[in-house]
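Visitor: Mind having a look at this structure? Questions to follow.
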Amino acid sequence: MIGEVAPVDEHLCSAKGCRRTAGHAVIWRNPKLHTPERRKVWLACDDHRQSLADFVALRGFLIEVVAVEDLTDADG
C-alpha cells in the first residue's frame, strides 16, 4: 500500500497506523450511546475506506460514506 503521507494540516486516515491523506468520511453512530442527531466520523484513505465502513456496518452503526469535502458542521 503505497500512498502519499498527509501534511500536518490535512485530514489523516483513521485506520490504525495509517498516516495518509483521507479522501473519505465514514459517518456512523452507536444508537446505544449516541442521540439520533449525533454523527461520528472516521476519516479514510482510499485503501481503508471499505474496511472502516465494513467495521461499523457489521455492527449496524454505518450511516453513510461521503467525500471529506462533503462533511458538514453536523458531522464530528
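Read left to right, the sequence shown gives residues 0 to 75 (numbering that gives the first Met the number 0). Quick reminder that beta carbons are idealized off the backbone N, C-alpha and C, glycines included. Small disclaimer: the values here were computed from a predicted structure and weren't measured.
(1) How many Å lie between Gly-75 and Phe-54 at the Cα?
(2) Could you compute how far the alpha carbon of Trp-27 sits from the alpha carbon of Arg-18?
(3) Helix or strand or just coil, what does DSSP make of Arg-28?
(4) Tell me which residue opens and which closes the beta strand (DSSP E) that Ala-66 is part of.
(5) For my contact list, Ala-21 and Cys-12 are in at a C-beta cut-off of 8 Å; report their separation, rounded to the angstrom.
Guide: With the structure as the only source:
(1) Looking up residue 75 in the sequence shown gives position 76. Looking up residue 54 in the sequence shown gives position 55. Rounded to the nearest whole angstrom, the CA to CA distance from Gly-75 to Phe-54 is 18 Å.
(2) The count along the sequence shown starts at 1 and reaches residue 27 at position 28. The count along the sequence shown starts at 1 and reaches residue 18 at position 19. Going from the Cα of Trp-27 to the Cα of Arg-18 covers about 21 Å.
(3) Here residue 28 is taken as the residue at index 29 of the sequence shown, counted from 1. Coil.
(4) Along the sequence shown, one-based indexing puts residue 66 at 67. Residue range 61 to 66 is occupied by the beta strand (DSSP E) that includes Ala-66.
(5) Start at 1 with the first residue of the sequence shown, and residue 21 comes out as number 22. Start at 1 with the first residue of the sequence shown, and residue 12 comes out as number 13. Indeed, because the Cβ distance is near 5 Å, the residues count as touching under 8 Å.
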